[in-house]
Each structure stands twice: as C-alpha cells, then as structure tokens.
Amino acid sequence: MKRNIVIKIGGSLLFTDNNKILSDKITEFCRILKNNKDFGKIIVVCGGGSIAREYINAVRSLKGSESLSDIFGIELSRINSKLLIASFQDYAYPQVPKSMEELSLALLFNKIIVMGGLQPGQSTTSVALEVAEFIGAEELVILTDVKGIFNKDPKKFKDAQLIKHLTYEQLEKLILDLQEDKQATAGEYRIFDFVSLQILKRSNIQVIVTSGKDLSEFIKLWNGEKDISGTLISKE
Ligand code: UTP
Numbered sequence: 747m748k749r750n751i752v753i754k755i756g757g758s759l760l761f762t763d764n765n766k767i768l769s770d771k772i773t774e775f776c777r778i779l780k781n782n783k784d785f786g787k788i789i790v791v792c793g794g795g796s797i798a799r800e801y802i803n804a805v806r807s808l809k810g811s812e813s814l815s816d817i818f819g820i821e822l823s824r825i826n827s828k829l830l831i832a833s834f835q836d837y838a839y840p841q842v843p844k845s846m847e848e849l850s851l852a853l854l855f856n857k858i859i860v861m862g863g864l865q866p867g868q869s870t871t872s873v874a875l876e877v878a879e880f881i882g883a884e885e886l887v888i889l890t891d892v893k894g895i896f897n898k899d900p901k902k903f904k905d906a907q908l909i910k911h912l913t914y915e916q917l918e919k920l921i922l923d924l925q926e927d928k929q930a931t932a933g934e935y936r937i938f939d940f941v942s943l944q945i946l947k948r949s950n951i952q953v954i955v956t957s958g959k960d961l962s963e964f965i966k967l968w969n970g971e972k973d974i975s976g977t978l979i980s981k982e
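Numbered according to this note's numbering, the sequence shown terminates at residue 982, and the numbering increases by one at each position without gaps.
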C-alpha cells in the first residue's frame with residue numbers, strides 16, 4: 747500500500763518580501779506534486795504568510811479580539827490554498843475543506859487536497875498534524891523559510907545551530923527553554939506551537955522540517971532521497 751503524506755507549506759514561501767505572489771514557484775511546487783509515484787493520499791496545508799500577519803495586526807490595532815484575528819489568518823490561509831488549487835487544476839479537489847467532515851468528503855475523490863486553517867487558537871502546523879493523524883499519514887513535511895529547527899532564532903543569532911534530529915521529548919524541552927530565554931523569544935521564534943506539540947505527542951508521526959525557500963530539498967525528498975538537510979522529529 748502507498749504511504750499517505752501531508753505537506754505544510756508556510757504562507758511566507760508563496761510571496762516575495764514585497765508581498766508579490768511567486769506564481770512560478772507555485773507552478774513548480776504543484777508540478778512536483780503532480781508527478782507522484784510513491785504516495786497515496788496527498789494533502790497540502792497552506793499557511794497565511796506575511797499578508798495574514800498584516801491583517802492580524804490590523805485587527806489587533808482595531809481592538810478586535812484574538813479569535814477575530816485568528817479568523818482573518820484562517821481566511822487568508824484559505825485564499826492561499828485556492829491559489830495552489832488554481833495551479834493544480836484537475837489534479838486537486840476544487841474546494842478548500844473547512845472542517846474534518848468536509849475533508850472526509852474530499853478524500854473520496856482521489857485528488858490532491860489543499861486546505862488552510864480550521865479553527866481559532868492554533869496554527870496551520872496544528873492543522874497539518876490533525877490531518878496527518880486523521881488520514882493515518884506517517885509523514886508530515888513542513889516547508890518553511892529557514893533550514894529546519896535551530897537551537898535559537900537563526901534570523902537573529904548568527905551562531906544558531908541547526909538541529910538534525912529531535913525526539914518529541916527533546917522538542918518539548920526546546921520549546922520550554924526558548925520560552926524561558928527572553929532574548930531568544932523577543933523576535934517570536936515560533937518553531938512549533940504547543941497545540942501542535944500536543945497532537946504530535948499522542949501520534950506516531952514523523953515530521954521533517956526543511957527549507958522551502960527554493961524547492962531543491964523538497965525535490966530530493968519527493969524523489970525518495972534520504973539525505974535531506976533539515977530537522978527530523980520522531981517519537982524516539
Ligand atoms: P500560520 O501562522 O500557521 O501561517 O497561520 P504560516 O504561513 O505557517 O506562518 P508563517 O508565515 O509560515 O510563519 C496564520 C494564522 O492563522 C490563524 C492563526 O492566527 C495563525 O497565526 N490560524 C491558522 C488559526 O487560528 N487556526 C488555524 O487552524 C490555522
């Protein structure tokens with residue numbers, strides 16, 4: 747039986763620093779996934795990126811609640827998902843599932859499924875883990891704008907070191923340590939949120955966090971190569 751896979755693509759990877767849409771990159775990402783030999787069900791979870799953060803900050807300054815800010819983030823992640831669906835054309839289920847029920851329906855059609863956020867209070871990484879658990883995927887790939895998980899924020903600290911392997915337990919300790927270290931958290935180094943960690947701890951999902959800045963690592967991974975630069979998170 748073919749393995750099921752979930753891929754989370756950070757919203758920031760779909761845009762330039764000036765918030766222009768990287769259409770060629772979206773085309774390339776979708777082209778890779780359309781060429782599938784090894785996987786059964788494929789679900790892509792799309793993040794909100796900087797545009798979502800822009801709306802979230804605006805809602806906060808308009809004195810909207812945190813839940814309302816989250817709802818804006820969710821909507822933006824769904825818009826980003828629709829961009830991918832536009833590029834996948836017939837290869838993708840045409841709608842963005844908004845709940846696990848809608849996902850169950852989408853799964854009947856044997857197409858690539860693209861979705862964004864589900865409910866306030868979590869991130870699209872949590873969604874990706876929930877979905878991986880739901881469809882029994884053993885693997886979740888997180889494509890982000892840095893090379894993996896570091897011992898501190900690599901955008902702030904030149905001496906930050908990439909961690910090649912983490913057990914669930916080590917990841918939990920790292921998140922707690924970073925929270926205590928005020929210097930490292932000042933820039934909001936969100937490697938993995940707590941909701942995601944809780945889902946991960948009750949699962950047996952293997953997570954690979956790697957760079958999606960260019961798609962070279964992802965292509966290697968998709969082709970079954972083992973030597974991927976990034977962080978592997980596993981139960982043991
Ligand atoms: P993410 O923060 O997960 O997007 O979702 P992202 O693109 O992966 O983030 P970066 O740019 O790569 O770091 C965007 C926002 O949407 C809301 C949250 O506010 C989140 O910060 N959200 C997302 C939810 O409230 N619930 C969800 O299920 C998903």
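Even glycine gets a Cβ: it sits at the ideal position worked out from N, Cα and C.
Since the model is a prediction, treat every value here as computed from it, not as a measurement.
| Which of the three DSSP states, helix, strand or coil, is assigned to Ser975? | Three-state DSSP puts Ser975 in coil, outside helix and strand.
| message | Beta-carbon within less than 7 Å of Ser823's beta-carbon, same chain only, minus the 5 sequence neighbours each way: which residues are those? | response | Counting only Cβ-Cβ distances below 7 Å, and skipping sequence neighbours, we find Gly757, Cys792, Gly793, Gly794, Ala798, Gly862, Gly863 and Thr870.
| said: Let me confirm a value: Lys898 is counted as buried when at least 16 other C-beta atoms fall within 10 Å, else exposed. Which label applies? | reply: It counts as buried.
| message | By the three-class DSSP mapping on this structure, what secondary structure does Ile751 have? | response | Strand.
| task | Would you decide whether Gly933 is buried or exposed? Buried here means 16 or more other CB atoms lie within 10 Å of its CB. | result | Residue confidence is low: Gly933 scores 39 on pLDDT, short of 50, so the model does not pin down where it sits. Its coordinate-derived value is still stated next. With fewer than 16 other Cβ atoms from the protein chains shown falling within 10 Å of its own Cβ, Gly933 counts as exposed.
| query | Are at least three pairs of beta-carbons, each pair with one atom in the stretch 881 to 888 and one in the stretch 759 to 767, less than 8 Å apart? | reply | No, the stretch 881 to 888 does not touch the stretch 759 to 767.
| said: Checking the sheet assignment: what are the DSSP bridge partners for Glu885? | reply: As computed with DSSP, Glu885 is found in a beta bridge with Ile751 and Gln952.
| query | Whose C-beta lies closer than 6 Å to the C-beta of Ile707 among residues of the same chain, with five residues either side of it excluded? | reply | Residue 707 lies beyond the residue range present for the chain, which begins at 747 and ends at 982; the question has no answer from this structure.
| message | Tell me the residue span of the alpha helix (DSSP H) that contains Phe761. | response | For Phe761, no alpha helix (DSSP H) run applies, since DSSP gives it neither H nor E.
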